[in-house]
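Beneath this line is the structure, given in structure tokens, with notes to follow.
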Amino acid sequence: MIKLIKPYISFQEIEKEFQEIFESGYFTRGPYVKTFAERIKEYTKAKHAYLATSATTALWACMRLLNIMSGHEVIVSDFSFPATANIVEDVGAKPVFADVSPDTFNMLPEELEKKITPKTKAVLFVDALGNPSGIHEIKEICQKHQIPLIEDAACAMGSSERDVKCGNIADLTCFSFHPRKLLTTGEGGAITTNSDRLSELLAVKLAHGSIFHEGKYDFVDFGYNFRLPELQAVMGIKQIEKLDAIVQSRNAIRNQFIQELEPIGFKAQRVSPGVEYNVQSLVFQVPKRIQRDWLVNKLKDAGIETTLGTYCLSGTTYYRKRYNNVQPKAWELQNTTITFPCYEGLDVDFICNAVRRSLQ
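Sequential numbering from 7 applies to the sequence shown in this note's numbering.
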């Protein structure tokens, strides 16, 4: 079976550091956590970076930092993993779903403009599948209306727009290090910001509300244990060192797939001019004459693992029942997109030939 994902790290790369950590007994708040956070700052050019247990907890912390609560609204990209909307719902606010471009799969500026109300307390822009196309235009709208912009860059470590890395664009940016991401720590996440005020709050909130002062901890606020352990930080350090090479390799593979599949009716996710795309997921819309789920099953029979692109949040059972406001473009993308494997050593010709045979 050709697997959908393959990590860019081996045990041999981390064995020495793992042994050091076990011998030291320092599994948390150690030097590797500090180093990994510094490497993220250096890579993204963000002023501040903090590690977290996942992108979900990172996004949830952002809701708390901005004091978002019941009676508030957060405008959310509608083509994403459900965690994007769940964290808004969890703090008592209302996720307002903004439809997306059928080309880039990202929030449409005109959708954002028409959904801003006096209750809007933040905009949550998703770099769909790692693609930040259009985020600067969204940022300009947010600045015009003086609304904080949170970038759900769960998939976008390594991507950029207008020569600015994801992590250095929005007021707050959240990354994921889940196994499907280019940089994985098993589970894990990070938050970046250029705001000194938000940085001070983050440092406290992510560590039980504590500060270390005169040799002991003082709990100056309520907070949470969202800390990433040392072992996982080692994994992150090893991969961020080769991230640019990984991005370059995945773009080369993407170009191969485009050359093979677009002539037979598939349409690749589009990337705007000025965007460097990390190709976190290699996603195409299937030809109109076939059903996506049928193709996924045919390729499974051929020994190739694929899956859907991602989800129309407003069309999930929970949010459809709660708000009954399904966004049509995102709904179509959920039902017509397919994700192909994309990593070094992949036999692209074998996969594309299997697709052709399925269509015959």
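We put the beta carbon where it would ideally sit given N, CA and C, even for glycine.
Rounded distance between the beta-carbons of residue j and residue i, thought under 8 angstroms
| i | j | result |
| --- | --- | --- |
| G192 | S165 | The pair is not a contact, with the Cβ atoms about 22 angstroms apart (cut-off 8 angstroms). |
| D96 | S320 | That belief does not hold up - the Cβ atoms of D96 and S320 are roughly 17 angstroms apart, past 8 angstroms. |
| G242 | F42 | 5 angstroms |
| G82 | I74 | Strictly speaking, residue 82 in this sequence is Val, with Gly absent from that position. Not confirmed; about 12 angstroms, so no contact. |
| G2 | T63 | Absent from the model: residue 2. The displayed extent of the chain is 7 to 366, so no value can be given. |
| C68 | C180 | 7 angstroms |
| L72 | P13 | Actually they do not touch by this definition, with Cβ atoms about 34 angstroms apart. |
| L212 | F232 | 5 angstroms |
Nearest to residue i (by Cα), restricted to the options the options
| i | options | result |
| --- | --- | --- |
| S76 | H54, S86, A99, F87 | A99 |
| Q210 | N112, A196, M163, D227 | Just to set this straight, residue 210 is Val in the shown sequence, not Gln. The shortest C-alpha separation from V210 is found at D227. |
| D169 | L65, T50, E44, K12 | T50 |
| P269 | Q333, S255, F290 | F290 |
| Q18 | R362, P347, K244, D307 | K244 |
| G140 | Q149, L118, N112 | N112 |
| L188 | I147, T110, F87, C161 | C161 |
| K40 | R326, A239, K248, R295 | A239 |
| V354 | V285, T342, A258 | A258 |
| T343 | V80, Y32, T110 | T110 |
| I8 | C358, E338, E236 | C358 |
| L178 | Q25, E79, R70 | R70 |
| Q340 | P13, I20, Q25, V106 | V106 |
| Q366 | T312, I296, W337 | I296 |
| R256 | I20, P347, T63 | P347 |
Helix, strand or coil at residue i according to DSSP, with G and I counted as helix
| i | result |
| --- | --- |
| I357 | helix |
| E157 | strand |
| S16 | coil |
| T126 | strand |
| T198 | strand |
| P338 | The amino acid occupying residue 338 in the given sequence is Glu; Pro does not appear at that position. Three-state result, E338: helix. |
| F232 | coil |
| M113 | strand |
| Y329 | helix |
| H184 | coil |
| L10 | coil |
| F218 | strand |
| E167 | strand |
Counting Cβ pairs closer than 8 angstroms, one from the segment 289 to 309 and one from the segment 326 to 337, do we hit at least three?
Taking 8 angstroms as the limit for Cβ pairs, the verdict is that the segment 326 to 337 does not touch the segment 289 to 309.
Taking the runs of the beta strand (DSSP E) that are 3 residues or longer, which of them lie wholly in the segment 72 to 110?
Correct list: 79 to 83, 100 to 104.
Which runs of the beta strand (DSSP E) fall wholly inside the segment 237 to 322 and span at least 3 residues, in chain order?
Entirely contained in the segment 237 to 322, the beta strand (DSSP E) runs reaching 3 residues are, in chain order, 288 to 291.
Three or more beta-carbon pairs under 8 angstroms between the segment 123 to 136 and the segment 31 to 38, yes or no?
Contact check between the segment 123 to 136 and the segment 31 to 38: fewer than three CB pairs, one atom from each, fall below 8 angstroms, which does not count as touching.
Which residue spans inside the segment 39 to 67 form an unbroken alpha helix (DSSP H) run of at least 4?
You should have found no qualifying run.
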